[in-house]
Amino acid sequence: MKRAVFPGSFDPFTNGHLNILSRAIPLFDEIIIAIGTNTSKKYMMATLELRAEAIRRSTAHLERIKVMEYNALTVDLCHSLEAGYILRGLRTSTDFEYEKNIAQMNAFLAADIQTVFLISSPEHTPLTSTIVREIYLNAGDISAFVPPGVLEVLKR
Ligand code: ADP
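Now the structure itself:
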């Protein structure tokens, strides 16, 4: 069984995340979206539960996807789920440098787990959760950047 973990903060889950996820579905038997807390970030959807709810609504139309919260090393999570792959997206060279370090450190920690990268589609390259958060927190319209499921959860 080819099982991948797609880890991230997803604060919020954007159309860029959804695009990476949708394109990865044919590559794996199952993808587990694992929502974690990045200690260097300030959160908009403060609770993991809210972020999970938004992602569940946004991915309900997709098959072979699971959503969970976690608070551990990603490689430990992969081992506990018997997942051999970590899925990540790459937008820019800045992403590349950051992601390369994490992937190489994860390879030191767990040589049996491969990180698989998909390059963002051009229309999603400038889309970051950080910018979406800034727009939202300043009362701007984020509806072009996130799936409807995220907007539904934010409205409540
Ligand atoms: P983290 O805090 O772990 O970086 P994010 O939620 O910001 O979590 O991102 C999760 C993954 O999704 C990362 O690999 C990131 O590069 C990727 N990603 C984020 N936004 C986009 C986008 N617009 N297009 C493609 N990949 C993206």
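Residue numbering for the sequence shown follows numbering that gives the first Met the number 0, starting at 0 and increasing by one per position. The beta-carbon is built from N, C-alpha and C at its ideal position, and this holds for glycine as well.
| Query | Result |
| --- | --- |
| Burial state of P6, where buried means 16 or more other Cβ atoms lie within 10 Å | buried |
| L117 versus A23, F107, F9, residue with shortest Cα-Cα distance | A23 |
| Sufficient close CB pairs (3 or more, under 8 Å) joining the segment 81-91 to the segment 47-54 | no |
| Chain-order list of residues whose beta-carbon lies under 7 Å from that of E68 (same chain, five-residue window excluded) | I34, L47, A51 |
| Length-filtered (4 minimum) alpha helix (DSSP H) runs lying within the segment 55-132 | 73-80, 92-108 |
| Per-residue DSSP class, three states only, for G148 | helix |
| C-beta atoms of F95 and T13 nearer than 8 Å | no |
| Candidates F27, G15, D10, C77, of which the one nearest M0 by Cα | F27 |
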